[in-house]
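Heads up, the sequence shown is in the numbering used here, so the first residue is 7 and it goes up one at a time.
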Amino acid sequence: MIHSMKIWCGLFPSLLLFFHTTLPAQTMKLNLERSIEIASDSSLQAYINKNRYMSSYWEYKSYKAARLPSVTLTMTPLEYNRDFVQRYNSELNVDEYKPLESLYSYGNLSVSQNFDPTGGTFYVNSSLSRYQSYGAYSYTQFNAVPVQVGYSQSLFGFNSFKWQKKIEPLKLDKAQKQFLYSREQISETVIGYFFAMVSAKLEYDMARETVSSSDTLYRLGQKRQEIASISQSDLLTLKLEAVNAVNSLRNAETSYQKAEFSLIQYLNLSNGTALELEMPQLPGTILISVDEALEHARENNPDYLDYKRQLLESQRDLEQTKKSSNFSATLSLSIGYNQVADRFSDSYKSPLQQEIASFSVSIPLLDWGVRKGKVNMAVNNLNVTRLSVKQEEQKLEQDVIMTVKDFNIQQSLVTSSKEAVELATLAFRTTRERFIIGKADLNSLTLALNRQNTAQRNYVSSLQSYWLSYYKLRRLTLFDFLQGKHLLVDFGSLAKYKNN
């Protein structure tokens, strides 16, 4: 008894491994909509799109942070100098070099705020420094500036803050639209993989049916050949069709497995998953006008925002070039208090008022046409940008128009293709029955079978073209025409996304 238990204990892990390896793969039923949802959330391309958006999001957050007051602490905790300095000897009426050792410490706390309308900067400073020398000229001094308030302004210069206020929010809006645009690109890619597997499954099913039908017809031909109602040549042809059908089935099975693996891999599913796809149908007649599609495209398509950004940046570059080519003037004003004392406590007693005003001017006199050339280049670049943007807008609008027309045509093509499948299937069944009773020849039967297979392929192809056209139109307009609403994403939740 104990010996038997030991044998079972030894075989138990092997049995577990055997049953584990022979279990069927997990089957997942998918329709087209669910496949798109999975890819939009879990595919590798979806992760890439999320990270691209987050990069633009943090770029905008950095811009917003730069508009807030900044606090900076600048320190020189210790600076030691041992040097020879020049000193005047009044007794000998000569300059002499004397050794000097000193320690210097400095700290400054500054709060600054950029002023977007003018491009100037307000600031508040507070600083303290200590200087101590050794040797023949030994002494200690503290220099304190309890508070200093100032403003610095370029009078005729380029105001980068004004242009950032126009461009940076536009870039974030474009990044959000681009995320939706990229998600619709994923949908189009999924449709390609989905229908590739649907087509492969159709070819596989047709190949299986052809094998069964060819085998049945060959056996029937053998019986009919015995009563001399079929020629030896036709019988050999039936046998050849049966052999070719088996070979075609093997190839179709391999293609089906490859298509299934490609879809699984793109959806980022586990490799042990088996897919069972549901053939998509038409959602009903959708009437889409060209004017409606163009209106949504102009409102939502990220390319239009990118065109606007390009124009703004070209206009900014032109203004910057013009203002940097002219004379420049800078005004700086500050008021505060400071005091110098031999002791730290005394450096903050009875501070003296400190006033600083600075006005500087830079005037280019002669540059041999360099400034004029730069301005002309900037003007030409702006003209090129305007023409390029206009050209790209025309191409985009043409793409929208053609996609709408193609989509409207595809709706009728799917309906007619489905009707062709029904007619071809009925014709094949009728011809097959006539062949069995000897009222149709082999060529008629083969032709009917080929027509049935062609009709089925055309139906799947028309469905694929229909959904590709629809999702392309969604991508170009970022509008869901089935639901009648704009495509949206919770960007607040997306901003919390972290790539681990």
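Glycine is no exception: its CB is placed at the ideal position from the N, C-alpha and C atoms. What you are looking at is a predicted structure, and each value in this text was computed from that prediction instead of being measured.
Opening and closing residue of the beta strand (DSSP E) in which residue i lies
{"i": "M34", "result": "Q32 to L36"}
{"i": "F413", "result": "Taken as a continuous stretch (DSSP letters only), F413 belongs to no beta strand (DSSP E), being part of the alpha helix (DSSP H) at V376 to I442."}
{"i": "M81", "result": "S76 to N95"}
{"i": "E282", "result": "T279 to L283"}
{"i": "S356", "result": "Element bounds for S356: n/a, residue is neither H nor E."}
{"i": "Q138", "result": "G126 to Y140"}
{"i": "D101", "result": "V100 to F121"}
{"i": "P152", "result": "Y145 to S160"}
{"i": "N344", "result": "S334 to A347"}
Residue i versus residue j: straight-line alpha-carbon distance, rounded
{"i": "F121", "j": "L74", "result": "10 Å"}
{"i": "F201", "j": "I292", "result": "22 Å"}
{"i": "M285", "j": "M60", "result": "36 Å"}
{"i": "Q462", "j": "S219", "result": "17 Å"}
{"i": "Y94", "j": "S132", "result": "35 Å"}
{"i": "V507", "j": "A213", "result": "Residue coverage of the chain in this structure runs from 7 to 506, which leaves residue 507 outside it and unanswerable."}
{"i": "Y187", "j": "N414", "result": "22 Å"}
{"i": "E305", "j": "A299", "result": "10 Å"}
{"i": "Q32", "j": "D211", "result": "21 Å"}
{"i": "T195", "j": "V406", "result": "19 Å"}
{"i": "V130", "j": "G113", "result": "14 Å"}
{"i": "D221", "j": "G290", "result": "41 Å"}
{"i": "I192", "j": "V427", "result": "30 Å"}
{"i": "R322", "j": "Q316", "result": "10 Å"}
{"i": "S368", "j": "L318", "result": "28 Å"}
{"i": "G444", "j": "D240", "result": "13 Å"}
{"i": "G278", "j": "T216", "result": "30 Å"}
{"i": "I442", "j": "S422", "result": "30 Å"}
{"i": "I54", "j": "F485", "result": "23 Å"}
{"i": "E259", "j": "L275", "result": "21 Å"}
{"i": "S62", "j": "E39", "result": "29 Å"}
{"i": "Q119", "j": "F497", "result": "29 Å"}
{"i": "K264", "j": "S468", "result": "22 Å"}
{"i": "I341", "j": "S116", "result": "14 Å"}
{"i": "L339", "j": "S356", "result": "23 Å"}
{"i": "K177", "j": "A384", "result": "22 Å"}
{"i": "E174", "j": "V296", "result": "32 Å"}
Local Cβ density within 10 Å of residue i, reported as buried at 16 or more and exposed below that
{"i": "L79", "result": "exposed"}
{"i": "V420", "result": "buried"}
{"i": "K207", "result": "buried"}
{"i": "T409", "result": "buried"}
{"i": "L246", "result": "exposed"}
{"i": "N506", "result": "With a pLDDT of only 47 at N506, under 50, the local geometry of the prediction cannot be trusted, and the value read off the model is given with reservation. Classification of N506: exposed, given that the 10 Å Cβ count is below 16."}
{"i": "A280", "result": "exposed"}
{"i": "L488", "result": "exposed"}
{"i": "Q509", "result": "In the structure as shown, the chain begins at 7 and stops at 506. Residue 509 is therefore absent and cannot be evaluated."}
{"i": "A454", "result": "buried"}
{"i": "V204", "result": "buried"}
{"i": "Q507", "result": "Only positions 7 to 506 of the chain appear in this structure, which leaves residue 507 out of reach."}
{"i": "Q400", "result": "exposed"}
{"i": "A71", "result": "exposed"}
{"i": "Q238", "result": "exposed"}
{"i": "Y86", "result": "exposed"}
{"i": "S475", "result": "buried"}
{"i": "K67", "result": "exposed"}
{"i": "R362", "result": "Note that residue 362 is Ile in the sequence shown, not Arg. Exposed."}
{"i": "T483", "result": "buried"}
{"i": "T437", "result": "buried"}
{"i": "S351", "result": "exposed"}
Endpoints, alpha helix (DSSP H) assigned at residue i
{"i": "N306", "result": "V296 to N306"}
{"i": "T260", "result": "Q238 to Y272"}
{"i": "V466", "result": "L448 to T483"}
{"i": "A72", "result": "L50 to A72"}
{"i": "G498", "result": "F497 to L500"}
C-beta neighbour in chain B for residue i, strict 9 Å
{"i": "N87", "result": "Among the chains of the structure shown, chain B does not appear; only one protein chain is present."}
Contact belief for residue i with residue j at Cβ below 8 Å, rounded distance in angstroms
{"i": "S160", "j": "N149", "result": "With 8 Å as the limit, S160 and N149 do not qualify as a contact, their Cβ atoms being about 30 Å apart."}
{"i": "S366", "j": "T327", "result": "21 Å between Cβ atoms; not a contact."}
{"i": "K56", "j": "L500", "result": "7 Å"}
{"i": "P123", "j": "Y343", "result": "With a Cβ gap of about 29 Å, P123 and Y343 do not count as contacting."}
{"i": "L273", "j": "S41", "result": "7 Å"}
{"i": "L244", "j": "L223", "result": "5 Å"}
{"i": "K329", "j": "G163", "result": "6 Å"}
How about the region 173-183 and the region 367-376: do they share at least three Cβ pairs that are nearer than 8 Å?
Counting Cβ pairs under 8 Å, fewer than three are found: no touch.
At a cut of 8 Å, does the region 347-364 reach the region 161-172 through at least three beta carbon pairs?
The region 347-364 vs the region 161-172: no contact.
Taking contact to mean at least 3 C-beta pairs separated by less than 8 Å, is the region 447-463 in contact with the region 388-398?
The region 447-463 vs the region 388-398: no contact.
Are the region 308-324 and the region 101-108 in contact at 8 Å, needing three or more beta carbon pairs?
Contact fails: fewer than three Cβ-Cβ distances are below 8 Å.
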